[in-house]
Structure formats: C-alpha cells, structure tokens
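Here the structure comes first, spelled out in structure tokens, and everything after it is commentary.
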Amino acid sequence: MEDDEGDLELGEVTVELKPRAKTGGGGEESVPRAPRLEEVAALPPLLQGQGLRAAGKRRKKLQKRAEKIATKLSETLEAAMQF
C-alpha cells in the first residue's frame, strides 16, 4: 500500500469568465448612473437623500454581483479539489 499523503499538489485549474453581451436598443439615450457614496456630498442638498438611496442600491447590487462570482469560483475550486 502506497502512502500518497505527502504529495498533495493541484494541477492546473482554469476558470473561464465570459463577458456579457449587452443587447439593448440604439443606445442613444443613456440613463444617468447612480452616484458613489463619495459623490453624494457634491450633490445639491435637496438631492442628497435621493443620491444616498441610489448609492446604497448601487452598492448592494455590486456586492451581490461580487458574491455571485465568489460563489462560482468557490464551487469550481471545490470541484477541482475532489479527485
């Protein structure tokens, strides 16, 4: 019986991230993007509440996107390590 516990090396692992193709209209009219939290202070006082809400929504969306990518990478790594 051979003892292989000392030789635990991973081979090459390839993770493929595909860019998303945006299929929209003509793109002539662009929607203003949500401000970052740092940019909210520069807004006029009457628009700061609305800017804070939009910035919070943007932050939440980016966090959810990052969590989704991290989960996918984690699952790929776990699958690669089960040999």
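Residue numbers (this note's numbering): 1068 to 1150. Note that beta-carbon positions come from the ideal geometry of N, C-alpha and C, so glycine has one too. Please read these numbers as outputs of a predicted model, since none were measured by experiment.
{"Check": "At least three beta-carbon pairs within less than 8 Å, the segment 1121 to 1135 to the segment 1098 to 1111", "Outcome": "yes"}
{"Check": "C-alpha distance - leucine 1114 paired with arginine 1126, whole-angstrom precision", "Outcome": "18 Å"}
{"Check": "Residue environment, proline 1102, which counts as buried when at least 16 other CB atoms sit within 10 Å", "Outcome": "buried"}
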